[in-house]
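In the working numbering, the protein residues as written are 10 to 336. Taking it in order: structure first as structure tokens, then the write-up.
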Amino acid sequence: MNHELPDVLVGFRKGRETRGQIASIIEKVREFQKNIYFCFIDYAKAFDCVDHNKLWKILKEMVIPVHLTCLLRNLYAGQEATVNTEHGTMDWFQIGKGVRQVCILSPCLFNFYAEDIMRNVGLDEEQAGIKIAMRNINNLRYADDTTLMAESKEELRSLLMKVKEKSEKIGLKLNIQKTKIVTSGPITSWQIDGETMETVRDFIFLSSKITADGDYSHEIKRCLLLGRKAMANLDSILNSRDTILPTKVRLVKALVFPVVMYGCESWTTEKAEHRRIDAFELWYWRRLLRVLWTAGRSNQSILKEISPEYSLDGLMKLKLQSFGHLM
């Protein structure tokens, strides 16, 4: 079934990730000194608005095997719900919309539903977008998080209005208040159907900060701050004398490291960022050992006592793994 989905759709597909794609595009745009305009679309209750009858029609048009479509239809057939209130229970009613929560099939079904929108818009034939290596890229998608991109405000507005129109035809409505424009060009206000769409220099997308200028220093500072908060949440355990040191170290590696290193594969790091990460690591190991900076102990002695996997080594391993995957 994956052969029906394009490369720009990466949500819930093994070996693909959106943040790295966006980072690569920003890097290339900066290299050629072009402006870039991103629109991060937010759909209102996207997974709850999938119309079942339209979904089966879309699967048929995409030549999904009939027996699989029949299995899915049987899975969703005859669904009913009711509402309990303080005044009693309402009459039961049929459910004709929405994919199931916590079902492993739901993301896949939504991918097909969203792909139908883009095919009807005709984004593959659109000239608007970012030109890289003889290819035009104007959208990237992670499930219901759709990102449109272009080199000018006018091109992006045209793409957005087309996607909005086709989305509404199958029951998906844009949440204008949560839809954001990120640009390296002049910041101007956007009006869509009488509502103002916010234009910003950076945006938190899939839990990572995206900046139009590709500067990751702010994202690294943000991740280190989140790491401090994660460390603070463990205070009761880390300060307990009933918990042995190896257990505390494993907890930090499992619950603090991932917070700090999330999305690091796409970071562009310089010496200043390396020093900042070094300082953060030594801060939490000293905090774990209850060793003050005024105690006169060297950093080497702290690391020797903890014997951790060095965080910068972990950063480089993740970056190399990501690079190897791309190659």
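Each residue gets a CB set at the ideal place from its N, CA and C atoms; glycine is no exception.
*asked:* Buried or exposed for ILE113, going by 16 or more other Cβ atoms inside 10 Å?
replied: Taking the first residue of the sequence shown as position 1, residue 113 is located at position 104. Residue environment for ILE113: exposed (fewer than 16 other C-beta atoms within 10 angstroms of its C-beta).
*asked:* Using CA atoms only, rank isn't needed, just tell me which of GLY97, LEU181 and ILE45 is closest to THR220.
replied: On the sequence shown, position 211 is the one that residue 220 refers to. Measuring from the Cα of THR220, the nearest candidate turns out to be ILE45.
_beta strand (DSSP E) segment containing ASP154, residue limits_ = Stepping through the sequence shown from its first residue, residue 154 is reached at position 145. 154-159 is the span of the beta strand (DSSP E), which, as asked, contains ASP154.
*the ligand FMN heavy atoms versus the CB of ASN242: any closer than 6 Å?*
Judged by which ligands are present, the structure shown has none, so any question about the ligand FMN falls away.
*DSSP on GLU279, reduced to helix/strand/coil?*
Counting from 1 along the sequence shown, the entry for residue 279 is found at position 270. GLU279 falls in the coil class under three-state DSSP.
*Residue range of the unbroken alpha helix (DSSP H) whose run includes ILE246*: Here residue 246 corresponds to residue number 237 of the sequence shown, with the count starting at 1. Taken as a continuous stretch (DSSP letters only), the alpha helix (DSSP H) holding ILE246 covers 244-247.
*asked:* Looking only at its chain, what residues have a beta carbon closer than 6 Å to the beta carbon of ASP125, apart from the 5 residues adjacent to it on each side?
replied: Taking the sequence shown and counting its residues from 1, one reaches residue 125 at position 116. Hits under 6 Å: ILE67.
*Please list, in chain order, all residues of the same chain as VAL300 whose beta carbon is under 8 Å from its beta carbon, the five residues on each side excluded.*
Here residue 300 refers to the residue found at position 291 of the sequence shown. Answer for VAL300: ARG306 and ILE311, listed in chain order.
*Would THR156 be called buried (16 or more neighbouring beta carbons within 10 Å of its own) or exposed?*
Taking the first residue of the sequence shown as 1, we reach residue 156 at position 147. Counting of Cβ neighbours within 10 angstroms places THR156 among the buried residues, the total reaching 16 or more.
*asked:* Among VAL38, ASN83, PHE47 and PHE214, whose alpha-carbon lies nearest the alpha-carbon of ILE151?
replied: Translated into positions along the sequence shown, residue 151 becomes position 142. Residue identity check: residue 151 is Tyr in the sequence provided, not Ile. TYR151 has its Cα closest to that of PHE214, out of VAL38, ASN83, PHE47 and PHE214.
_Own chain residues within Cβ distance below 8 Å of HIS227, not counting five before or after_ = Stepping through the sequence shown from its first residue, residue 227 is reached at position 218. Once the five neighbours on either side are set aside, the close Cβ partners of HIS227 are ASP211, LYS218 and THR220.
_Am I right that ALA123 and ASP100 are in contact with their C-beta atoms under 8 Å? What's the rounded C-beta distance?_
Indexing the sequence shown from 1 puts residue 123 at position 114. Indexing the sequence shown from 1 puts residue 100 at position 91. Wrong, their Cβ atoms sit about 33 Å apart, outside the cutoff.
_Of the listed residues GLY87, LEU234, THR91 and LYS187, nearest to PHE266 (C-alpha basis)_ = Here residue 266 refers to the residue found at position 257 when the sequence shown is read from its first residue. Answer by Cα proximity: LEU234.
*Would you mind reading off the limits of the beta strand (DSSP E) that contains ASN148?*
As a first step, residue 148 is located in the sequence shown; it is residue number 139 there, counting from the start. Where ASN148 is concerned, the enclosing beta strand (DSSP E) stretches over 148-151.
*Assigned secondary structure, ASN120 (DSSP; H/G/I helix, E/B strand, else coil)*: For the purposes of this step, residue 120 is taken as the residue at position 111 of the sequence shown. In this structure, ASN120 counts as helix in the three-state DSSP scheme.
*Looking at the structure shown, is ASP57 part of a helix, part of a strand, or coil, going by DSSP?*
Mapped onto the sequence shown, residue 57 falls at position 48. It is helical.
*Apart from the five residues just before and just after THR91, which ones in its own chain have a Cβ nearer than 8 Å to its Cβ?*
Taking the sequence shown and counting its residues from 1, one reaches residue 91 at position 82. Around THR91: THR98, MET99, ASP100, TRP101 and PHE102.
*Can the beta-carbon of LEU169 be found closer than 7 Å to that of ASN147?*
Position 160 of the sequence shown, counted from the start, is the residue given in the question as residue 169. Position 138 of the sequence shown, counted from the start, is the residue given in the question as residue 147. The beta carbons of LEU169 and ASN147 sit no closer together than 7 Å.
*What is the C-beta distance between VAL59 and GLY107, in whole angstroms, given that I count them as a contact (C-beta under 8 Å)?*
As a first step, residue 59 must be located in the sequence shown, where it is residue number 50. As a first step, residue 107 must be located in the sequence shown, where it is residue number 98. Between GLY107 and VAL59 the Cβ distance is about 6 Å, and since that is below 8 Å, they are a contact.
*asked:* Short of 7 Å in beta carbon distance, which residues of its chain neighbour LEU173, apart from the five on each side in sequence? Order them along the chain.
replied: Along the sequence shown, read from residue 1 onward, the residue named residue 173 stands at position 164. The residue you asked about is not Leu; residue 173 is Lys in the sequence shown. Counting only Cβ-Cβ distances below 7 Å, and skipping sequence neighbours, we find LEU183.
*Could you check the C-alpha separation between PHE47 and GLU95 for me, to the nearest Å?*
Indexing the sequence shown from 1 puts residue 47 at position 38. Indexing the sequence shown from 1 puts residue 95 at position 86. Between the alpha carbons of PHE47 and GLU95 lies a gap of roughly 47 Å.
*Segment limits, beta strand (DSSP E) that includes LYS187*: As a working note, residue 187 is residue 178 in the sequence shown. From DSSP, LYS187 is part of no beta strand (DSSP E); its letter is neither H nor E.
_Start-end ranges of the beta strand (DSSP E) lying completely within the segment 32-118, minimum 3 residues_ = Segments of the beta strand (DSSP E) lying fully in the segment 32-118: 46-50.
*May I ask which residues mark the beginning and end of the alpha helix (DSSP H) holding GLN309?*
For the purposes of this step, residue 309 is taken as the residue at position 300 of the sequence shown. Looking at the DSSP string, the run of the alpha helix (DSSP H) that includes GLN309 is 308-315.
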